């Protein structure tokens with residue numbers, strides 16, 4: 001019992017001190033470990049107290065703006081509820097493996113990767129990619145100035161509180177001649193059909209209560225000399241745009257989800273094409289308002 | 304104060320140990336769940352191609368494709384994919400290298416596992432890439448040199464260089480530096496060790512030269528020659544090939560139109576595969592070097608701030624790889640680490656997310672915790688123990704190597720900051736943390752032993768005093784009795 005010595009009236013208790021030190025070590029380590037594991041929450045939407053009612057994913061039809069406004073802005077005015085624009089111009093639904101490089105921003109922001117990020121709640125890979133592209137914004141042709149903002153906002157969305165997720169893709173898959181589908185592998189993400197199926201299954205699996213809606217591309221045209229090629233006649237390798245729309249509707253029916261057909265449902269644009277398209281592909285203000293109004297009416301319909 | 308200082312140090316050591324254990328658990332779980340998976344890297348495809356022909360260029364070492372070829376042959380005999388057997392081999396070599404280097408450190412196997420569990424190191428061990436083996440053998444080479452096993456160390460240095468060519472240069476600096484520091488302290492066996500060291504260096508250089516001559520062909524992979532001028536061109540000029548074109552020499556503009564320069568500006572790899580190749584084809588390798596220096600110098604004059612900022616950013620990112628990775632995943636740094644993370648998270652997204660987040664945050668916490676703990680007790684830490692001294696030298700040389708590696712990768716390419724190049728740097732950090740932990744743990748143990756001895760000595764004094772008092776009382780009592 002020599003260790004239980006008295007030192008000028010004080011009692012030293014190394015055994016209790018040992019336990020005390022372990023307790024202190026565990027407490028400090030535990031607190032630090034929790035901070036290291038979970039960090040601090042970052043959720044401006046949560047801080048704002050209101051999640052968006054509608055989240056739009058897509059290419060430049062969604063992501064782009066005309067005169068400072070776009071489909072998301074017009075839709076928000078129509079619905080009177082918050083709408084988030086999560087579109088990235090120039091992107092495709094399919095995952096183009098041959099173009100994918102660690103610095104390929106456009107290829108990296110395909111629907112497959114964005115859907116994976118939303119389903120996993122992990123935007124790390126996309127954040128790194130967009131940050132890289134942002135550094136070389138004035139040089140890279142597949143990077144646009146609004147990408148960082150859209151990605152940041154998308155990451156902060158609490159998808160379990162969102163009502164509608166609208167996906168609009170197909171135009172870039174079409175005009176780049178990407179494969180329509182793979183009969184041997186319906187989940188081949190290198191095809192338009194496989195990419196859609198993959199995205200739908202990931203999103204529905206992660207957020208079963210979220211209503212996912214597909215919105216088809218609009219009709220488009222290209223003037224080559226005296227010839228006008230359009231989505232019904234021009235085939236860039238994967239089929240005509242109408243075939244992509246048909247497949248999209250077929251997939252939607254298979255998954256029991258609603259699809260808004262803007263390709264066929266907006267009237268005969270061959271006659272009025274320049275009224276709604278400013279470059280044959282992208283919607284002008286009138287076109288965006290038309291599509292936004294149509295989407296708002298569609299969302300108001302009973303499920 | 305001394306007592307509380309020791310308690311604080313003990314708490315620091317134990318807390319650091321617990322934090323390290325958490326990383327080991329997460330890292331081990333990730334390793335087990337991803338061992339059978341394949342990570343897609345473009346460099347892996349190239350290695351598989353080289354494995355068929357066994358002819359490479361100055362950018363890729365020949366030994367790894369040879370190993371892959373062997374693994375592919377083994378895969379035909381065993382029910383195990385080639386990348387599975389490679390991963391197991393790489394993990395084993397890495398662990399052994401760390402275990403050997405960590406001689407003298409308490410909890411040696413756990414310390415080795417801790418360093419192995421850093422995501423950058425762990426991922427590379429499971430990838431069909433040469434970085435893991437190159438760093439492991441370089442560490443063995445350094446350990447060999449510091450412990451006077453010059454020949455074995457030299458062989459390991461050679462192997463590291465054959466896995467990754469730049470590691471031969473890095474290894475040369477570290478091996479020779481370590482050798483000189485060993486000879487500096489040696490008085491008795493100086494001559495013998497000096498001869499052994501010189502012989503080892505000569506043998507390694509001859510072997511390296513021989514293998515390089517046999518297996519390396521310039522331009523065989525469609526890339527420009529790897530020269531200092533080419534590195535300067537890439538670092539200083541990319542991505543401004545197009546928007547600085549008015550300053551370029553006429554010879555360059557005769558070969559490249561504006562569209563060509565724009566294309567090269569949008570892809571950092573095209574500097575090697577398109578720009579350099581075409582210029583060297585047009586004017587020859589020697590003349591092209593002069594043009595590269597010219598362009599690099601011009602770009603530096605025209606875009607000094609931009610280039611300086613990029614170089615500083617890349618260098619800092621390489622110096623602190625986990626912090627850089629964490630910032631990249633938040634979109635706050637410029638690097639190619641998104642792809643690496645995507646491959647890590649492919650099969651186990653949730654585990655990878657928490658594992659990487661934890662490690663990226665725990666790294667600076669551990670650095671601060673152990674550094675503060677060591678600094679507070681700096682004067683009393685005293686000299687290293689015998690085993691610790693050897694490990695301390697390895698940790699110090701590793702740190703020097705980390706600085707050199709960070710400088711090398713920063714200055715050799717622009718726009719390609721990639722934590723896969725930071726394997727050695729991450730290991731060096733791990734060795735440094737293990738060194739601090741070892742010193743603090745030893746100091747805590749010493750103070751605890753001293754406290755126990757002091758408490759025991761005082762008890763003996765009191766006990767002796769008590770016995771003396773009793774004897775005195777007995778003696779007094781006896782006297783009284785006698786007096787009566």
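Chains as they are written, first to last, in our numbering: chain A, 1 to 303; chain B, 304 to 787. Note that beta-carbon positions come from the ideal geometry of N, C-alpha and C, so glycine has one too. Being a predicted model, the structure only gives us computed values, none of them experimental.
Spatial distance of residue i from residue j (CA atoms)
{"i": "residue 596 of chain B", "j": "residue 144 of chain A", "result": "33 Å"}
{"i": "residue 507 of chain B", "j": "residue 460 of chain B", "result": "8 Å"}
{"i": "residue 383 of chain B", "j": "residue 391 of chain B", "result": "11 Å"}
{"i": "residue 412 of chain B", "j": "residue 402 of chain B", "result": "6 Å"}
{"i": "residue 634 of chain B", "j": "residue 492 of chain B", "result": "55 Å"}
{"i": "residue 342 of chain B", "j": "residue 234 of chain A", "result": "38 Å"}
{"i": "residue 387 of chain B", "j": "residue 286 of chain A", "result": "57 Å"}
{"i": "residue 61 of chain A", "j": "residue 619 of chain B", "result": "40 Å"}
{"i": "residue 199 of chain A", "j": "residue 447 of chain B", "result": "53 Å"}
{"i": "residue 150 of chain A", "j": "residue 157 of chain A", "result": "11 Å"}
{"i": "residue 485 of chain B", "j": "residue 393 of chain B", "result": "30 Å"}
{"i": "residue 602 of chain B", "j": "residue 729 of chain B", "result": "32 Å"}
{"i": "residue 598 of chain B", "j": "residue 721 of chain B", "result": "25 Å"}
{"i": "residue 677 of chain B", "j": "residue 646 of chain B", "result": "37 Å"}
{"i": "residue 173 of chain A", "j": "residue 53 of chain A", "result": "28 Å"}
{"i": "residue 510 of chain B", "j": "residue 637 of chain B", "result": "39 Å"}
{"i": "residue 284 of chain A", "j": "residue 166 of chain A", "result": "20 Å"}
C-beta neighbour in chain A for residue i, strict 8 Å
{"i": "residue 748 of chain B", "result": "no"}
{"i": "residue 656 of chain B", "result": "yes"}
{"i": "residue 712 of chain B", "result": "no"}
{"i": "residue 661 of chain B", "result": "yes"}
{"i": "residue 636 of chain B", "result": "yes"}
{"i": "residue 318 of chain B", "result": "yes"}
{"i": "residue 631 of chain B", "result": "yes"}
{"i": "residue 536 of chain B", "result": "no"}
{"i": "residue 363 of chain B", "result": "no"}
{"i": "residue 645 of chain B", "result": "yes"}
{"i": "residue 554 of chain B", "result": "no"}
{"i": "residue 325 of chain B", "result": "yes"}
{"i": "residue 542 of chain B", "result": "yes"}
{"i": "residue 780 of chain B", "result": "no"}
Neighbour flag for residue i against chain B, beta carbons, 8 Å
{"i": "residue 172 of chain A", "result": "no"}
{"i": "residue 110 of chain A", "result": "no"}
{"i": "residue 130 of chain A", "result": "yes"}
{"i": "residue 135 of chain A", "result": "yes"}
{"i": "residue 56 of chain A", "result": "no"}
{"i": "residue 21 of chain A", "result": "yes"}
{"i": "residue 148 of chain A", "result": "yes"}
{"i": "residue 120 of chain A", "result": "yes"}
{"i": "residue 205 of chain A", "result": "no"}
Counterpart residues of residue i in DSSP-defined beta bridges
{"i": "residue 69 of chain A", "result": "A:66"}
{"i": "residue 402 of chain B", "result": "Answer is none; residue 402 of chain B lacks a bridge partner."}
{"i": "residue 228 of chain A", "result": "A:223"}
{"i": "residue 489 of chain B", "result": "Partner(s): none; residue 489 of chain B has no beta bridge."}
{"i": "residue 58 of chain A", "result": "A:87 and A:168"}
{"i": "residue 259 of chain A", "result": "A:214"}
{"i": "residue 359 of chain B", "result": "B:519"}
{"i": "residue 283 of chain A", "result": "A:277"}
Under 8 Å from the C-beta of residue i: neighbouring residues of chain B
{"i": "residue 140 of chain A", "result": "569"}
{"i": "residue 28 of chain A", "result": "314 and 318"}
Interface residues of chain A facing residue i [CB-CB closer than 9 Å]
{"i": "residue 642 of chain B", "result": "100, 101, 102, 103, 108, 125, 128 and 129"}
7 Å Cβ cut-off: residues of chain B touching residue i
{"i": "residue 24 of chain A", "result": "314"}
{"i": "residue 90 of chain A", "result": "Those within 7 Å of residue 90 of chain A in chain B number zero; the least Cβ separation is about 13 Å."}
{"i": "residue 39 of chain A", "result": "660 and 664"}
The ligand NAD heavy atom lying under 7 Å from the CB of residue i
{"i": "residue 615 of chain B", "result": "In the structure on display, the ligand NAD does not appear, and there are no ligands present to speak of."}
Residue i: contacting residues in chain A (beta-carbon distance under 8 Å)
{"i": "residue 624 of chain B", "result": "By Cβ distance, chain A contributes nothing, its closest Cβ being about 14 Å from residue 624 of chain B, past 8 Å."}
{"i": "residue 678 of chain B", "result": "The contacting residues do not exist; residue 678 of chain B stays about 18 Å from chain A at best."}
{"i": "residue 322 of chain B", "result": "29, 32, 33 and 36"}
{"i": "residue 788 of chain B", "result": "The structure shown does not extend to residue 788 of chain B, since chain B is modelled only from 304 to 787, so the question has no answer here."}
{"i": "residue 562 of chain B", "result": "By Cβ distance, chain A contributes nothing, its closest Cβ being about 12 Å from residue 562 of chain B, past 8 Å."}
Residues that residue i contacts on chain A, provided the C-beta gap is smaller than 7 Å
{"i": "residue 668 of chain B", "result": "32 and 36"}
Closer than 8 Å to chain C by CB, residue i
{"i": "residue 615 of chain B", "result": "Although the question refers to chain C, the structure presented lacks it and instead comprises the protein chains A and B."}
Three-pair Cβ contact test at 8 Å for the region 548 to 568 of chain B versus the region 513 to 528 of chain B: No: fewer than three Cβ pairs fall under 8 Å.
Quick one: any contact between the region 348 to 356 of chain B and the region 365 to 376 of chain B, if contact means 3 or more CB pairs under 8 Å? Contact between the region 348 to 356 of chain B and the region 365 to 376 of chain B is present: 3 or more CB-CB pairs across the two stretches fall below 8 Å.
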